[in-house]
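Participant:
Residue numbers (this note's numbering), protein chains in the order written: chain Y, 1 to 105; chain U, 106 to 210.
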């Protein structure tokens, strides 16, 4: 259920967003983007918590993999729609994961 | 509504968790921990998306600030209760934020 990532270091894209009142087509686009991202080179996993705010964190092998995903055509179209319709505000942070700890019951 | 952080670099604690069926006392503890964290040295902000998974990302000036918060007594008590009651699994990742982009409508 939670993303299973390898031993650090690797990279994270932290996306936090304030959703707008108009969420038409949003769920379908999220599912499509998760599927597309998972086919990209260097994709390691993703966790997404829906709600307001929404937080989605995707994990990647390298910064180059993140740049490639960021510039893919379908992803750019989703970003455009996100700005026009679904989000009042968002913040994207690119971070290098240095340490990780797990707990499992 | 979303955390307002300074220009990078700074540090992020990415907490992703699979919640258990027992959430007694959980909301109160989250509110208390957010309040306590915001009084710590080096605290820059926090975003939390409730749901299953839950994702909470807090932002800090330095890795030392994160270690201090991690070892504070009240926080350790909350971590203990989290493991015993509220979470089936969680992952904590410490990351250095290198770049950030904002969108605001």
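Ideal placement from N, C-alpha and C gives every residue a C-beta, glycine not left out.
Can you look up residue 20 of chain Y in the DSSP assignment and give me helix, strand or coil?
Facilitator: coil
Participant: Can you find the residues in the same chain that come closer than 6 Å, C-beta to C-beta, to residue 148 of chain U, ignoring five residues on each side of it along the sequence?
Facilitator: Cβ within range, chain order: 142.
Participant: Closest Cβ-Cβ distance between residue 53 of chain Y and chain U: below 8 Å?
Facilitator: yes
Participant: Give me the residue from Y:32, Y:61, Y:51 with the minimum Cα distance to residue 45 of chain Y.
Facilitator: Y:61
Participant: Name the chain U residues whose beta carbon is nearer than 7 Å to that of residue 2 of chain Y?
Facilitator: 121, 123, 158, 194, 196
Participant: Who are the near neighbours of residue 87 of chain Y in its chain, counting only those whose CB is closer than 8 Å to its CB and skipping five residues on each side?
Facilitator: 17, 18, 19, 20
Participant: Determine contact between the segment 184-201 of chain U and the segment 129-137 of chain U, defined as no fewer than three beta-carbon pairs at a distance below 8 Å.
Facilitator: yes
Participant: Since residue 60 of chain Y is in the beta strand (DSSP E), which residue starts that stretch and which ends it?
Facilitator: DSSP places residue 60 of chain Y inside the beta strand (DSSP E), whose first and last residues are 54-60.
Participant: Answer yes if the segment 171-178 of chain U comes into contact with the segment 89-103 of chain Y, meaning at least three C-beta pairs across the two stretches below 8 Å, and no otherwise.
Facilitator: Cβ pair count under 8 Å is below three, so no.
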